[in-house]
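Peer 1: This is the structure, below, for whatever I ask next.
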Amino acid sequence: MDSFADGATFDPQAMKLNAFLFALFISSAGTLIQAQQPEQGQGPGQVPQELMQRLFNPGATEQELIEAAKEANKAGVPRQQIIEAKLIWGLRTQNAAWLMKILPELEVLAANFDAAQSAGIKSADDIRAFIEFTKGLQAQEKKDEAGFKKHMQEAFWLAPAQAQLFAQAIEKGRREAKMATMKIDLQLVLAMSNGETTTLADLVAGKKAVLLDFWASWCGPCMQLMPELKKKAGHLMKHGIVVAGMNKDDEKAEVVSEKVRNEQGIEFPWLIEPADRPFTKMLEIDSIPRMILVGPDGKVLYNGHPQDPALWSALQKIDPEIKSPDA
């Protein structure tokens, strides 16, 4: 089996969230931040468990998180916990634009951090480290290598326990530089879950690009994002972008994929990556879910997490009329 981390989910049977630990899927390589839910009950004046689940939902869209945060504020959830939820969501997707947006809140949180109110983040230094990490991502987007290095070094110093997360940001930048000159083989014959075969050349013929979603049945975050994948497919089809799934299950991949396709009502191409994993190796796919945007010439236009805003930036370079449904 490929080595990937899976995201944990809340226990729907739990009546209280006191000392309940959950692992949120952080960034594209599955770094885990251990977050402890505060004590919340179901009685009068207490915050509903369902609301806290939505606030810390690892599969939430940006709009869903915003709505949950508004409801949490009205319900009396401590501001610190709401900010932590926003931070964790932004870290998971390495959404630099989102993290920069909440930077003023993070700075307030760092200055007024209360461990007793925390939803799991251990100290003010951790918050300060994530502030430096955010500034590093911004520098990376601006191609400011010196600034990126400076902020990442400071983040490492403040929170060495989060070294894997910070290292992934560095690897992401290196990967993007490598992808800039890479082209993939569009003529490779690929099996489909229904037993037929096709090629990426066939799929992209007459289209502007093909967007591949790499997934597996054992990947919790992948399965949670299936509804969003269907939404993307319908939305992008109108702009000449074809969406296709690319399954990575090791055993009975066609059977598993077809079962998921039927259960989810998938109507777009449902592919199986060959057993020797040519795309995984070439594109350095070390975690899923992962989306790859490929042009008609085989050029890789995007390689990253499905919820990274950089995906929509890449799509808008193909067609400026394309807008994220959450925009």
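Just add 33 to the spot in the sequence shown (first one is 1) and you have the working numbering. Backbone N, C-alpha and C define an ideal beta-carbon position, used for all residues, glycine too.
Terminal residues of the continuous beta strand (DSSP E) containing residue 246?
Peer 2: Secondary structure note for residue 246: its beta strand (DSSP E) is the uninterrupted segment 242-248.
Peer 1: Beta carbon of residue 165, beta carbon of residue 191: below 8 Å?
Peer 2: Yes; because the gap between Cβ atoms is below 8 Å, this pair is in contact.
Peer 1: Beta strand (DSSP E) containing residue 303: first to last residue?
Peer 2: 303-305
Peer 1: Could you pull out every residue in the same chain whose Cβ sits closer than 8 Å to the Cβ of residue 312, ignoring the five residues on either side in sequence?
Peer 2: 217, 245, 247, 279, 306, 318, 325
Peer 1: Taking the Cβ atom as the reference point for each residue, do residue 289 and residue 250 lie within a distance shorter than 8 Å?
Peer 2: Taking the C-beta atoms as reference points, residue 250 is found nearer than 8 Å to residue 289.
Peer 1: Taking the Cβ atom as the reference point for each residue, do residue 226 and residue 300 lie within a distance shorter than 8 Å?
Peer 2: no
Peer 1: Step through the CB atoms of chain C and report whether any lies within less than 8 Å of the CB of residue 184.
Peer 2: Looking for chain C here will not work: only one protein chain is present.
Peer 1: Tell me whether residue 194 is buried or exposed, calling it buried when 16 or more other Cβ atoms sit within 10 Å of its Cβ.
Peer 2: exposed
Peer 1: Determine contact between the segment 199-215 and the segment 167-174, defined as no fewer than three beta-carbon pairs at a distance below 8 Å.
Peer 2: yes
Peer 1: In angstroms, rounded to a whole number, what distance separates the CA positions of residue 262 and residue 220?
Peer 2: 25 Å
Peer 1: Any idea what DSSP makes of residue 109, helix, strand or coil?
Peer 2: coil
Peer 1: With burial defined as no fewer than 16 other Cβ atoms inside 10 Å of the residue's Cβ, what is the status of residue 179: buried or exposed?
Peer 2: exposed
Peer 1: Rounded to whole angstroms, what's the CA-CA distance from residue 153 to residue 331? Just pull it up for me.
Peer 2: Computed Cα separation, rounded: 44 Å.
Peer 1: Which full runs of the alpha helix (DSSP H) of 4+ residues lie inside the segment 80-109, going along the chain?
Peer 2: 82-88, 95-108
Peer 1: With residue 295 as the anchor, note down where its alpha helix (DSSP H) starts and where it stops.
Peer 2: 286-297
Peer 1: For the segment 132-149 and the segment 87-105, state whether three or more C-beta atom pairs, one from each stretch, are separated by less than 8 Å.
Peer 2: The segment 132-149 vs the segment 87-105: no contact.
Peer 1: Considering only their Cβ atoms, is the gap separating residue 115 from residue 129 smaller than 8 Å?
Peer 2: no
Peer 1: Nearest to residue 316 by alpha carbon, out of 339, 93, 211?
Peer 2: It is 211.
Peer 1: Quickly, what does DSSP pair residue 228 with across the bridge? List them, please.
Peer 2: Paired residues: none, contrary to the question.
Peer 1: Report the option in 271, 238, 131 whose CA atom is closest to the CA atom of residue 94.
Peer 2: 131
Peer 1: Just mark residue 295 as buried or exposed, buried being the case when its beta carbon has 16 or more other beta carbons within 10 Å.
Peer 2: Exposed, since its Cβ has fewer than 16 Cβ neighbours within 10 Å.
Peer 1: List the DSSP bridge partners of residue 278.
Peer 2: In DSSP, residue 278 forms a bridge with 246, 303.
Peer 1: Near residue 358, what residues of its chain come up, given a Cβ to Cβ distance below 7 Å and the 5 sequence neighbours on each side ignored?
Peer 2: 264, 268
Peer 1: Taking the straight line between their C-alpha atoms, what separation do you get for residue 285 and residue 223?
Peer 2: 15 Å
Peer 1: By how many angstroms is the C-alpha of residue 314 removed from the C-alpha of residue 197?
Peer 2: Roughly 21 Å separates the two Cα atoms.
Peer 1: Start and end of the beta strand (DSSP E) containing residue 355?
Peer 2: Run containing residue 355: none; DSSP gives neither H nor E here.
Peer 1: Could you have a look at residue 259 and say whether DSSP puts it in helix, strand or coil?
Peer 2: helix
Peer 1: Check residue 141 in the structure and name its three-state DSSP category.
Peer 2: helix
Peer 1: What residues are listed by DSSP as bridge partners for residue 315?
Peer 2: For residue 315, which the question treats as bridged, DSSP gives no partner whatsoever.
Peer 1: Compute the distance between the beta-carbons of residue 327 and residue 242, then report whether it is under 8 Å.
Peer 2: yes
Peer 1: Select from 124, 273, 110, 184 the residue whose C-alpha is nearest the C-alpha of residue 150.
Peer 2: 110
Peer 1: Do you know offhand how far residue 177's Cα is from residue 238's?
Peer 2: 38 Å
Peer 1: Measuring straight from C-alpha to C-alpha, what distance separates residue 355 and residue 125?
Peer 2: Their Cα atoms are separated by approximately 24 Å.
Peer 1: Taking residue 175 as the reference, which of 347, 206, 340 has the closest Cα?
Peer 2: 206
Peer 1: Decide if residue 66 is buried, meaning its Cβ has at least 16 other Cβ atoms within 10 Å, or exposed.
Peer 2: Low local confidence applies: a pLDDT of 35 at residue 66 is under 50, so the model's placement there is unreliable, and no value is given.
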